[in-house]
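Since the structure comes first, as structure tokens, the remarks are kept for the end.
Residue numbers (this note's numbering): 7 to 153.
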């Protein structure tokens, strides 16, 4: 399996997913949401997978949430695109949360918005000195996003 925004590496029975958009702080665009959904289905059905680890590429971010700059590129089509993106994202996060194999978030930087929700959906979260968790929605007294 080959993906554009997520690298999959099998290390024995452990599937390592690396969110791979470091220039965009591993933020979630429609392609990544679709790939996360697809991977969650395939890995969840593979009995040989004993654990899943999700991390981010680069030094700054695990996942900065939604790719807001890409959303601004097509304001006219934004409502339909966001509906499609959140459908795939929520399905992927739900499947990860209910996966038979344990899912571990290796948070190597900022986890914001939907990125924080992705980490929260995992069975275990492991951080480092650079790990930061941020939910702007809660700070604005709005309903939490993507989880």
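Cβ coordinates follow ideal geometry from the N, Cα and C atoms, glycine included.
Once DSSP output is grouped into helix, strand and coil, what is the label at residue i?
i: residue 25; result: strand
i: residue 74; result: helix
i: residue 139; result: strand
i: residue 121; result: helix
i: residue 134; result: coil
i: residue 15; result: strand
i: residue 115; result: coil
i: residue 62; result: strand
i: residue 94; result: helix
i: residue 43; result: helix
i: residue 67; result: strand
Count the other CB atoms, across all protein chains shown, that sit within 10 Å of the CB of residue i; report buried if there are 16 or more and exposed otherwise.
i: residue 106; result: exposed
i: residue 8; result: exposed
i: residue 86; result: exposed
i: residue 41; result: buried
i: residue 43; result: buried
i: residue 119; result: buried
i: residue 115; result: buried
Please report the straight-line C-alpha distance between residue i and residue j, rounded to a whole angstrom.
i: residue 117; j: residue 143; result: 13 Å
i: residue 20; j: residue 139; result: 25 Å
i: residue 136; j: residue 72; result: 20 Å
i: residue 70; j: residue 83; result: 22 Å
i: residue 12; j: residue 133; result: 20 Å
Indicate whether residue i and residue j have their beta-carbon atoms separated by less than 9 Å.
i: residue 121; j: residue 39; result: no
i: residue 76; j: residue 33; result: yes
With distances taken from CA atoms, which of the options is nearest residue i?
i: residue 65; options: 9, 31 and 22; result: 31
i: residue 35; options: 50, 14, 55 and 10; result: 10
i: residue 28; options: 137, 111, 128 and 62; result: 62
i: residue 104; options: 126, 79 and 18; result: 126
i: residue 51; options: 131, 101 and 135; result: 101
i: residue 131; options: 49, 145, 114 and 110; result: 110
i: residue 49; options: 112, 15 and 90; result: 15
i: residue 98; options: 47, 13 and 88; result: 47
i: residue 108; options: 54, 90, 96 and 37; result: 54
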